[in-house]
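Participant:
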Amino acid sequence: MSAAAGVALGYEPLAEEDRGAGRLWIAAGGSHVVPAVGAAFKNVLLSAVLELRPRKEARVVVLGAETDALSPRARAGLRAQIAFLPANGGLISHLNGWENIALPLGFHDPARLRGLAPEVYAMLEQFGADARSLLGRLPEQMTLYEKKLAGYVRMRLGRPRLVLAEDAGAGLGAGERGRVAGFAAAYLADCPEGTFVQLADVPDESG
Amino acid sequence: MIGVYRELEGSMRLAAHVLRRFWVLKLPPVAEELARQIYFTGASATATIVIRGALVGTLIIAYVIEVLNADVNLAVKMLLWVVLREIGPLIAAVLVIQRSGTAVATELALMKISGEIASLRRLRIDPQDFLVVPRVVGIALANTALTVYVQFIAVGGGMVLSALVIDASLGEMAGSFFLLASPLDLVYSMAKSLLFGAAIGVIACYYGLNPPGDSINAVPKAAISAVTQATLAVMLLNIMFAYLVYGSALFGLFTALQ
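Written out as structure tokens, the structure is:
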């Protein structure tokens, strides 16, 4: 069993028979892809990492901390450093682009809302979006790429140390997939000590 | 029975959450939600709700005057006791249930089913802080404002109509009205409206956040439950108010006999 220090994300099933298939051990820093993550394991992993509560079935390490030994205060502090990026951006349907992007900061760090616009514009334009138009539209008026991008910008503003991202390329055309592939690099350029973990979908073998 | 208890307990918990976390209204996203809710329930609905409310209020007065063969004194008492204290808050509440209660329950149930509530939690945002607190406060405030509009127009309309029917001058009617009315009447009806609005908001949010299933079919069921239970709650609150304030469940008889 590895030491927790220097580990961004560790998940090790406690049952002997599950250890081989379900073990996940990711070193801190850089971009990582976890291949072929099934929906069931993804749900288990996400709840383990985002809830940070002791679990009976697995040992969980997040940003070097064992989650079964966390005080509520430490848990809240650690949770603030983790972000999840869903495949569809995870936007709220009745809020426009700007309101969606500014939402977490409005709750957790309202002082940063002032002077936020240039940062948001720069990030959106870096990935080829018409920022003014995107920020004024509701999610239902956005393309899938725009939703993913808005979710990504929202995540970046929180400056997390660990990002768990669902398969960002799913459902996109080749050009957009190319831009989405730059998400991790742009995040790491902004936050060199961060870790970007992409949970790739199980390949579709039906066709 | 257990289901009823669970729903009652859930609604009470939600109401307690609103009281406990009132301060979140100062956060920019929550303040925006509050403004949106007040605009939707109050401002954008003003014309339709006030016209319908005022028509019903005026109609009631017309019937009462005709049936009881009322004089100026009785007509004014009717306007004060029936329209100002009772019908105004009730009509506004019923119309707000129809419009905003259904909208809130439907919206929240859809958000729950589509995973947006879970998205909020993943952003470390308590859905009750962001969605429930501003909706409950917004509906309570907007319902109070709508009640005042309805009362103003219904009393005004009732006075004009009464003056025509019972052959009394409008000035005479207005004089009698302001002689009988006291600021307490307005405070009483506004306190009731505030409570009615808060109850409508809490119940609509409760059923919206707890739809009976994960499929799209659960959305209309949540809306129907919200409307039914909110109407029941408003009626019960009205009876409780009458009993607490006037010491008699049969509000109206007590004051009418004076």
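Chains as they are written, first to last, in the working numbering: chain X, 1 to 207; chain E, 1001 to 1258. Glycine included, every Cβ here is placed at the ideal spot set by N, Cα and C.
1. Between X:148, X:108, X:109 and X:32, which has its C-alpha nearest residue 124 (chain X)'s C-alpha?
2. Indicate the three-state DSSP secondary structure (helix, strand or coil) for residue 166 (chain X) in the structure shown.
3. Using beta carbons (cut-off 8 Å, strictly below), is residue 1122 (chain E) in contact with chain X?
4. Any beta carbon of chain E sitting closer than 8 Å to that of residue 196 (chain X)?
5. Rounded to whole angstroms, what's the CA-CA distance from residue 1131 (chain E) to residue 28 (chain X)? Just pull it up for me.
6. Report the rounded CA-to-CA distance for residue 167 (chain X) versus residue 1103 (chain E), giving the unit in angstroms.
7. Assuming residue 1153 (chain E) and residue 1050 (chain E) are in contact, meaning their beta carbons sit under 8 Å apart, how far apart are those beta carbons, in whole angstroms?
8. Following the continuous beta strand (DSSP E) through residue 196 (chain X), name the residue where it begins and the one where it ends.
9. Compare the C-alpha of residue 134 (chain X) against each of X:110, X:91 and X:165 and name the closest.
10. Using DSSP with H/G/I as helix, E/B as strand and the rest coil, what is residue 80 (chain X)?
11. Could you tell me whether the Cβ of residue 1125 (chain E) comes closer than 8 Å to any Cβ of chain X?
12. Do residue 1147 (chain E) and residue 1190 (chain E) have their beta-carbon atoms positioned less than 8 Å apart in this structure?
13. Touch check for the region 1111-1122 of chain E and the region 1075-1089 of chain E: three-plus C-beta pairs under 8 Å?
14. Just to confirm the assignment: which complete alpha helix (DSSP H) runs, minimum length 4, are found wholly within the region 1039-1111 of chain E?
15. With respect to the beta strand (DSSP E) encompassing residue 38 (chain X), which residues constitute its N-terminal and C-terminal limits?
16. Determine the extent of the beta strand (DSSP E) in which residue 12 (chain X) is found, giving its start and end residues.
17. In whole angstroms, give me the CA-to-CA distance for residue 1202 (chain E) and residue 80 (chain X).
18. Tell me whether the beta-carbon of residue 86 (chain X) lies closer than 8 Å to the beta-carbon of residue 200 (chain X).
19. Considering only their Cβ atoms, is the gap separating residue 136 (chain X) from residue 88 (chain X) smaller than 8 Å?
20. Run through DSSP, which three-state label would residue 181 (chain X) get?
21. Since I believe residue 131 (chain X) is in contact with residue 121 (chain X) (beta carbons under 8 Å), could you give me their beta-carbon distance rounded to a whole number of angstroms?
22. Excluding sequence positions up to five away, which residues of its chain have a Cβ less than 7 Å from the Cβ of residue 179 (chain X)?
23. Could you list which residues in chain X have their beta carbon closer than 8 Å to that of residue 1027 (chain E), in chain order?
24. Is the region 1015-1030 of chain E touching the region 1106-1115 of chain E, taking contact as three or more C-beta pairs under 8 Å?
25. Please classify residue 1182 (chain E) as buried or exposed, where buried requires at least 16 other C-beta atoms within 10 Å of its C-beta.
26. Going along chain E in order, which residues have a C-beta closer than 8 Å to the C-beta of residue 13 (chain X)?
27. Between residue 1197 (chain E) and residue 1108 (chain E), how many whole angstroms is the CB-CB distance? I'm expecting something under 8 Å.
28. Can you list the residues of chain E that residue 80 (chain X) reaches, using a CB-CB cut of under 8 Å?
29. Identify the contact partners of residue 157 (chain X) in chain E, using a Cβ-Cβ distance below 7 Å as the criterion.
30. In the DSSP output, which residue or residues are listed as bridge partners for residue 1020 (chain E)?
31. By a C-beta neighbour count over all protein chains shown, 10 Å radius and 16 as the cutoff for buried, is residue 1063 (chain E) buried or exposed?
32. Can you check whether the CB of residue 1186 (chain E) is closer than 8 Å to the CB of residue 1237 (chain E)?
33. What does a CB cutoff of less than 6 Å around residue 54 (chain X) pick up in its chain, not counting 5 residues either side in sequence?
34. Using the C-alpha atoms, what's the distance from residue 1011 (chain E) back to residue 1004 (chain E)?
35. Residue 157 (chain X): buried (16+ other C-beta within 10 angstroms of its C-beta) or exposed?
36. Rounded to whole angstroms, what's the CA-CA distance from residue 1029 (chain E) to residue 108 (chain X)? Just pull it up for me.
Facilitator: The relevant details are as follows:
1. To locate residue 124 (chain X), count along the first sequence from 1; it is residue 124. Checked all of X:148, X:108, X:109 and X:32; the closest Cα to residue 124 (chain X) is X:148.
2. The residue labelled residue 166 (chain X) in the question sits at position 166 within the first sequence. The answer is strand: DSSP assigns residue 166 (chain X) an E or B state.
3. Within the second sequence, residue 1122 (chain E) is the residue found at index 122, counting from 1. Yes, residue 1122 (chain E) lies at the interface with chain X (some Cβ there is under 8 Å from its Cβ).
4. Locating residue 196 (chain X) in the first sequence gives position 196, where the first residue counts as 1. Chain E contact via Cβ: absent.
5. Within the second sequence, numbered from 1, the residue matching residue 1131 (chain E) stands at position 131. Within the first sequence, numbered from 1, the residue matching residue 28 (chain X) stands at position 28. Cα-Cα distance, rounded: 36 Å.
6. Residue numbering aside, residue 167 (chain X) sits at position 167 when the first sequence is read from its first letter. Residue numbering aside, residue 1103 (chain E) sits at position 103 when the second sequence is read from its first letter. C-alpha separation (whole angstroms): 34 Å.
7. Residue 1153 (chain E) sits at position 153 when you count from the first residue of the second sequence. Residue 1050 (chain E) sits at position 50 when you count from the first residue of the second sequence. Confirmed, Cβ separation roughly 6 Å.
8. Numbered from 1 along the first sequence, position 196 holds the residue referred to as residue 196 (chain X). Element bounds for residue 196 (chain X): 195-201.
9. As a first step, residue 134 (chain X) must be located in the first sequence, where it is residue number 134. With distances taken between Cα atoms, residue 134 (chain X) lies closest to X:91.
10. Numbered from its first residue, the first sequence carries residue 80 (chain X) at position 80. Coil at residue 80 (chain X), not helix or strand.
11. Along the second sequence, one-based indexing puts residue 1125 (chain E) at 125. Closer than 8 Å to some Cβ of chain X, the Cβ of residue 1125 (chain E) qualifies, so yes.
12. Walking along the second sequence from the start, residue 1190 (chain E) turns up at place 190. Walking along the second sequence from the start, residue 1147 (chain E) turns up at place 147. Yes; because the gap between Cβ atoms is below 8 Å, this pair is in contact.
13. no
14. 1046-1068, 1072-1077 and 1088-1096
15. If you number the first sequence from 1, residue 38 (chain X) lands on position 38. Neither: residue 38 (chain X) is in no beta strand (DSSP E) and is coded neither H nor E.
16. Against the first sequence, residue 12 (chain X) aligns to sequence position 12. Looking at the DSSP string, the run of the beta strand (DSSP E) that includes residue 12 (chain X) is 7-13.
17. The sequence position of residue 1202 (chain E) within the second sequence is 202, counting from 1. The sequence position of residue 80 (chain X) within the first sequence is 80, counting from 1. Roughly 30 Å separates the two Cα atoms.
18. Position 86 of the first sequence, counted from the first residue, corresponds to residue 86 (chain X). Position 200 of the first sequence, counted from the first residue, corresponds to residue 200 (chain X). Not a contact, by the Cβ cut-off of 8 Å.
19. In the first sequence, residue 88 (chain X) corresponds to position 88, counting from 1. In the first sequence, residue 136 (chain X) corresponds to position 136, counting from 1. No. Outside cutoff.
20. As a first step, residue 181 (chain X) must be located in the first sequence, where it is residue number 181. Assigned with DSSP and collapsed to three states, residue 181 (chain X) falls in coil, not helix or strand.
21. Counting from 1 along the first sequence, the entry for residue 121 (chain X) is found at position 121. Counting from 1 along the first sequence, the entry for residue 131 (chain X) is found at position 131. Confirmed, about 5 Å.
22. For the purposes of this step, residue 179 (chain X) is taken as the residue at position 179 of the first sequence. So the list reads 127 and 128, once near-sequence residues are dropped.
23. For the purposes of this step, residue 1027 (chain E) is taken as residue 27 along the second sequence, with counting starting at 1. Under the 8 Å cutoff, chain X gives 106, 107 and 110.
24. no
25. Taking the first residue of the second sequence as 1, we reach residue 1182 (chain E) at position 182. Exposed, because fewer than 16 other Cβ atoms sit within 10 Å of the Cβ of residue 1182 (chain E).
26. One-based indexing of the first sequence puts residue 13 (chain X) at position 13. Those within 8 Å of residue 13 (chain X) in chain E number zero; the least Cβ separation is about 23 Å.
27. If you number the second sequence from 1, residue 1197 (chain E) lands on position 197. If you number the second sequence from 1, residue 1108 (chain E) lands on position 108. Not quite, the Cβ-Cβ distance comes to about 17 Å (not below 8 Å), so this is no contact.
28. Numbered from its first residue, the first sequence carries residue 80 (chain X) at position 80. Result: 1124.
29. Translated into positions along the first sequence, residue 157 (chain X) becomes position 157. Those within 7 Å of residue 157 (chain X) in chain E number zero; the least Cβ separation is about 11 Å.
30. Position 20 of the second sequence, counted from the first residue, corresponds to residue 1020 (chain E). None, per the DSSP bridge assignment.
31. In the second sequence, residue 1063 (chain E) corresponds to position 63, counting from 1. Exposed, by the Cβ-count rule.
32. To locate residue 1237 (chain E), count along the second sequence from 1; it is residue 237. To locate residue 1186 (chain E), count along the second sequence from 1; it is residue 186. Not a contact, by the Cβ cut-off of 8 Å.
33. Residue numbering aside, residue 54 (chain X) sits at position 54 when the first sequence is read from its first letter. If we look at residue 54 (chain X) and ignore the five residues flanking it on each side, its Cβ neighbours are 68.
34. Reading the second sequence from its first residue, position 4 is the one you call residue 1004 (chain E). Reading the second sequence from its first residue, position 11 is the one you call residue 1011 (chain E). Taking the straight line from one Cα to the other gives about 11 Å.
35. Locating residue 157 (chain X) in the first sequence gives position 157, counting from the first residue. With 16 or more other Cβ atoms within 10 Å, it is buried.
36. As a position in the second sequence, residue 1029 (chain E) is number 29, starting the count at 1. As a position in the first sequence, residue 108 (chain X) is number 108, starting the count at 1. C-alpha separation (whole angstroms): 11 Å.
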